[in-house]
Amino acid sequence: MAIERTLSIIKPDGVQRNLIGTILTRFEEAGLKIVGGRLQQLSQAEAEGFYAVHKHRPFFGELVSFMISGPVFISVLEGDDAIAKNRDLMGATNPKEAKPGTIRADFAKSIDANTVHGSDAPETAAVEIAYFFRSIELV
Ligand code: IDP
Ligand code: MG
Numbered sequence: 057m058a059i060e061r062t063l064s065i066i067k068p069d070g071v072q073r074n075l076i077g078t079i080l081t082r083f084e085e086a087g088l089k090i091v092g093g094r095l096q097q098l099s100q101a102e103a104e105g106f107y108a109v110h111k112h113r114p115f116f117g118e119l120v121s122f123m124i125s126g127p128v129f130i131s132v133l134e135g136d137d138a139i140a141k142n143r144d145l146m147g148a149t150n151p152k153e154a155k156p157g158t159i160r161a162d163f164a165k166s167i168d169a170n171t172v173h174g175s176d177a178p179e180t181a182a183v184e185i186a187y188f189f190r191s192i193e194l195v
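Residue numbering for the sequence shown follows the numbering used here, starting at 57 and increasing by one per position.
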């Protein structure tokens, strides 16, 4: 297995419900190291840029409004197979379909307010990490 880095976002519903510590603990207990992170209130332009791949999808407007509805906690996770491992910890996009014990099954209220974002492939991880962090901000 390769050491990878992936971008995680604890979405506004997770931050608002004081779940930052609980969620970061799940990452750390699964062997993922937090190599950078901060709280941020995204602007509309920042959220639109981040989700640009979805800009033609019918839910784009709702997704962006939700992502700017409150602060998010953005972090970079590092470890063996970090991209897939984080996606496994997150669970399916729709919390109704997420496996028991995953973050989305345990905490998410709906497909919009689904508590966490995680990069889905090495290429998207590289782009998403560079969108939010300079290399000197990661240890
Ligand atoms: P992912 O977050 O599991 O990678 P994506 O398909 O990349 O899922 O979608 C990005 C985000 O857009 C999802 O996390 C979810 O919040 C939102 N989303 C996806 N599909 C729908 C939908 O059908 N209705 C409303 N929001 C959606
Ligand atoms: Mg995605």
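Think of the CB as a built atom: it goes at the ideal place given N, C-alpha and C, for glycine as much as any other residue.
If we count Cβ pairs, one from each stretch, closer than 8 Å, do we get three or more for the stretch 66-85 versus the stretch 155-164?
A contact is defined here as three or more CB-CB pairs under 8 Å, and the stretch 66-85 meets this definition with respect to the stretch 155-164.
For the stretch 131-185, which segments carrying the alpha helix (DSSP H) assignment without a break, of at least 4 residues, lie completely within its bounds, in sequence order?
Residue ranges of uninterrupted alpha helix (DSSP H) with 4 or more members, entirely inside the stretch 131-185 and ordered along the chain, are 138-146 and 159-163.
Under 7 Å between the Cβ atoms of Ile-130 and Ile-65?
Cβ atoms of Ile-130 and Ile-65: closer than 7 Å.
Any chain C beta carbon closer than 7 Å to Glu-118
Of the protein chains in the structure, only one exists, and it is not chain C.
Given this structure, state the Cα-to-Cα distance separating Thr-149 from Ile-192, to the nearest angstrom.
Going from the Cα of Thr-149 to the Cα of Ile-192 covers about 32 Å.
Report the start-end ranges of each beta strand (DSSP E) in the stretch 88-115 that is 3 residues or longer and not cut off at the edges.
The stretch 88-115 contains these whole beta strand (DSSP E) runs: 89-96.
Among Asn-74, Thr-78, Glu-84 and Arg-73, which one has its Cα closest to the Cα of Lys-141?
Here the closest residue by C-alpha is Glu-84.
Whole-number beta carbon distance between Leu-63 and Phe-188, since they are thought to touch under 8 Å
Between Leu-63 and Phe-188 the Cβ distance is about 7 Å, and since that is below 8 Å, they are a contact.
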